[in-house]
Amino acid sequence: MEDTLILKNLTKVYSIGSLLFRSKITAVDDVSFSLKRAEIFTLAGESGCGKSTTAKMILGFEEPTSGDIIFEGNSIQWWKKRKKDFLRKVQAVFQNPFESFNPLLTVDDIFFETVMNYGLANSRNEAEKLIDEKLQLVGLKFEDINGRYQSELSGGQLQRASIARSLLSNPSLLIADEPVSMVDASLRMSIVNLFAKLRDQLGVSVIYITHDLATAYYVSDRIAIMFRGNIVETGPVDKVLIDPKHPYTQLLRESIPDPDPEKKWSREITVSDTEYEEYLKEGCKFAGRCPYVKEICRREKPDDVLVDGVLVKCHIYKK
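Sequence positions in the sequence shown follow UniProt numbering and run 1 to 319.
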């Protein structure tokens, strides 16, 4: 099966500090993965690990420092000359649905505007039928949004509407960046189920970005665990989360004793100020916290090693 999306050695470096004292932070470091048609691929990890920056580069919001993005067989540079076609095929669902809709416009007006911008219908009646069709896919109807402002809808309804709007152009790829983190817990799984429905019924590929391993386990086909810009472990979700190989993934896994969709991480794992200096050094970026650290870990970046069908970036498995 042909890959929908391929990332090759994608890197993003930011300069920080004053003009005299500038440092460089590698937010995304040599990231490579592929996404197949009708697959849900999850990028998971703590806040600031590079998940959202990776998504922004795919969407064209950020320019990669190096590396390439291949979508449906063509480089992102090729797609930049066909931006409207790219945006029809690649849509995003963001964390806060209230920021996705202009509060001064009714929700239905925003839908009609999207239909018009992409030339998806020849009349208002045709546009309304299309909008209603997409809303029904997410459990809503046109009457639910007609004449209503975003403030008149619940967070769950608005996030469903956001997903429906992203489907108007029949995209082949959805990028969902923390799409349930601001939704009531009782609605979380119903929205996650929507992505599985879109995969199964419409053949849509989904990049699901989250720090919530429970929903990732529930909905993903494959998962990549990110830490400080690196993907440290990639593979089928059951193998990665049930029997993690990388010490960092093991740490995350311990936060949820059982893969229960109702449970969340018991604590937020963040990069502490004391580890910032080590972030800038060579070697494995997890060396400062790893219980299995070796001398080589502090000197050399680990390569990806295939272990039981899972790619692991760790010196432990190097033969």
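Just so it is clear, CB atoms sit at the ideal spot from N, CA and C, and this is done for glycine as well.
Values in this document were obtained by computation on a predicted structure and should not be read as measured data.
| Query | Result |
| --- | --- |
| Cβ-Cβ separation, Ile6 to Ile58 (assumed contact under 8 Å), whole Å | Contact flag wrong, Cβ pair sits at about 11 Å. |
| Beta-carbon proximity check, Ala161 vs Leu153, cutoff 8 Å | yes |
| Three-state secondary structure (DSSP) of Pro259 | Because the pLDDT of Pro259 is 46, which lies under 50, any placement of that residue in the model is unreliable, and the question is left without a value. |
| Beta carbon of Met226 nearer than 8 Å to that of Ala44 | yes |
| Enclosing beta strand (DSSP E) for Glu233 [first to last residue] | Asn230 to Pro236 |
| Reduced DSSP category for Thr4 - H, G, I as helix; E, B as strand; rest coil | strand |
| Residues near Val312 by beta carbon distance below 6 Å, same chain, minus five either side | Glu233, Lys245, His246 and Val305 |
| Neighbour-count burial assignment, Asp29, 16 or more Cβ in a 10 Å radius | buried |
| Leu135 versus Lys197: straight-line alpha-carbon distance, rounded | 13 Å |
| Separation of Lys141 from Asn193, as counted between CA atoms | 18 Å |
| Sub-8 Å separation of Lys285 and His315 beta-carbons | no |
| Residues that DSSP places opposite Ser205 in a beta bridge | Leu173 |
| Residues that Leu35 bridges to, as DSSP identifies them | Leu5 |
| DSSP bridge partner residues for Leu311 (one or two, in chain order) | Thr234 and Leu306 |
| Unbroken stretches of the beta strand (DSSP E), 3 residues or longer, contained in the region 44-81 | 66-71 |
| DSSP three-state assignment for Arg22, whether helix, strand or coil | strand |
| Buried/exposed call for Ala164, threshold 16 Cβ in 10 Å | buried |
| Reduced DSSP secondary structure (H/G/I, E/B, other) of Tyr317 | helix |
| Rounded C-alpha distance that separates Gly229 from Phe33 | 13 Å |
| DSSP-derived helix/strand/coil call for Val183 | coil |
| Segment contact flag, the region 100-113 with the region 178-191, C-beta cutoff 8 Å, min 3 pairs | no |
| According to DSSP, residues forming a beta bridge with Arg222 | Phe41 and Pro236 |
| Span of the beta strand (DSSP E), counted from its first residue to its last, around Ala92 | Val90 to Val93 |
| Supposed contact pair Thr65 and Val13 - C-beta distance, whole angstroms, cut 8 Å | 5 Å |
| Per DSSP, cross-strand counterpart(s) of Leu10 | Val31 |
| Contact check, Arg199 vs Ile40, beta carbons under 8 Å | yes |
| Candidates Asp144, Trp78, Ser123 and Arg88: closest to Asp108 by CA position | Asp144 |
| 8 Å Cβ cutoff, Pro179 in contact with chain C | Any reference to chain C falls outside this structure, which holds one protein chain only. |
| Range covered by the alpha helix (DSSP H) that runs through Leu158 | Gly155 to Ser166 |
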